[in-house]
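I have placed the structure first, in the form of structure tokens, so that the comments after it can refer back to it.
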Amino acid sequence: MNIITALVTPFNLKEELDVNALDQVISFQRKNGISSYWVLGTTGEFNMLNEDEKLTVVKSVLERSKDKENVIVGVSSDSVSNAIRLTRKMIDLGVGSVFSLPPTYHITGLKGLMMYFESLRKTGNKVYFYYNPSSTRLNIPIDYIRKLIEEGLIDGMKVSTSDLEELSSFVSLKDQLKFELFSGSDVTVLQAIVDKVEGIVTAVGNFAPELLVEIAKKSEAGINSEVIDLANKIRMLAQVTSLPDYPTGVKIAMKYRGLYVGNCRSPLQEDSNAQASIYFTLKDLEL
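Each residue of the sequence shown is one higher than the one before, starting from 1 at the first, in full-length UniProt numbering.
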């Protein structure tokens, strides 16, 4: 099972990109055994960045990564033309895999959804559907996703949900149609392992990658008390860092692990009351 860190985007005190901090983040990941990255997603504050900044982030990650094939890049947009333009620029940098949310503000039906992902497919990249109903407030019918897979428009999908029943429905679809399924919720890591998903896209991996690497290795022999204990630790960290102004909690936790990546971009605000909870949770887990 592949562990894929949903990378944060570091900023300095002026809320400018901090490429040096990003270098430190990648070094920390590699040191702890992670080499796969989900870039420009929700945890990466993709919608806070302009196009040039997105290209700078991806270029920096690619330069510091062992294998470009393990870097999956977000190109989400409501507009086909904007998504295609960004995708082509990512291809020029060497990106081989992209992901996208469905259009989330100007919402379309099945025909428009198929047009959107067919356009991404024509770029020649591997394409992943990013399903995140808690952030987008948009529930895409599973029959729509089935159609995208049957038509060969997507190679797989990331499902970010803490609803085990919802996750199970996508696992059943995977078993029928044989596509790549990534779990995007640290809270459901144990169920994802039981369901044998292809990978876990993890926000907790930003500040506790060693736990994710360990659970992936330990679970190869099956579910046991050690695996359950690790899953509980990961769930605790996910819950304490999942604050309303996400991903502020993730960045707070990174600071306590010695990785200063700045604050989130305005208007997102850190909750000063949550800092102690995050600190003591990390301390209790000896991190």
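Even glycine gets a Cβ: it sits at the ideal position worked out from N, Cα and C.
Same chain, Cβ closer than 8 Å to residue i, neighbours up to 5 away in sequence not counted
i	result
residue 326	Lying outside 1 to 287, the shown extent of the chain, residue 326 is not represented and no answer is given.
Met157	Tyr128, Phe129, Tyr130, Tyr131, Ile145, Phe170, Phe179, Glu180, Leu181, Phe182
Ser119	Val80, Ala83, Ile84
Asp18	Pro10, Phe11, Asn12, Val261, Gly262
Asp78	Pro103, Thr104, Tyr105, His106
Glu69	Gly96, Ser97
Glu151	Met114, Glu118
Cutoff 7 Å; reference residue i; Cβ partners in own chain excluding five residues on either side
i	result
Arg265	Phe11, Glu15, Glu45, Met48
Leu101	Ser76, Tyr130, Asn132, Thr136
Gln275	Ile252
Lys59	Leu93
Arg88	Thr123
Asp155	Lys126, Val127, Tyr128, Phe179, Glu180
Ile140	Pro102, Tyr131
Gln191	Leu164, Leu167
Met90	Val58, Val73, Val75, Val98
Element boundaries [alpha helix (DSSP H), containing residue i]
i	result
Gln145	The sequence shown places Ile at residue 145, rather than the Gln named in the question. Looking at the DSSP string, the run of the alpha helix (DSSP H) that includes Ile145 is 142 to 150.
Arg30	19 to 31
Beta-bridge pairing of residue i - partner residues as DSSP gives them
i	result
Thr42	Thr42 pairs with nothing; no bridge assigned.
Ser36	Ile4
Lys158	Tyr130, Phe182
Boundaries of the beta strand (DSSP E) in which residue i is found, first to last residue
i	result
Thr5	2 to 6
Lys126	126 to 131
Spatial neighbours of residue i in its chain, beta-carbon cut-off 6 Å, leaving aside the 5 residues before and after
i	result
Gln269	Asp245
Phe99	Ile72, Gly74, Tyr128, Tyr130
Thr240	With the sequence shown as reference, residue 240 is identified as Val, and Thr is not the correct amino acid for it. Correct list, in chain order: Ser277, Ile278, Thr281.
Leu7	Tyr37, Val39, Gly44
Lys66	Ser35
Residue i: CB within 7 Å of a non-hydrogen atom of the ligand COA
i	result
Glu198	Absence of the ligand COA is noted for the structure shown, with no ligands found whatsoever.
Test: residue i CB closer than 8 Å to a CB of chain D
i	result
Ser77	You won't find chain D in this structure, because it holds only one protein chain.
Every unbroken alpha helix (DSSP H) inside the segment 212 to 287 [4 residues or more]: 225 to 241, 248 to 256, 272 to 284
Assess, as a yes-or-no matter, whether the segment 276 to 283 is touched by the segment 48 to 62 under the definition of 3 or more beta carbon pairs within less than 8 Å. no
Along the chain, which unbroken stretches of the beta strand (DSSP E) at least 3 residues long are found entirely within the segment 59 to 123? 71 to 74, 97 to 100
Complete runs of the alpha helix (DSSP H) confined to the segment 161 to 214 [at least 4 residues]: 164 to 177, 189 to 194
Evaluate contact between the segment 196 to 209 and the segment 218 to 227, counting only Cβ atoms and requiring at least three cross-stretch pairs below 8 Å. no
Is there contact between the segment 251 to 267 and the segment 17 to 32, where contact requires at least three CB pairs shorter than 8 Å? yes
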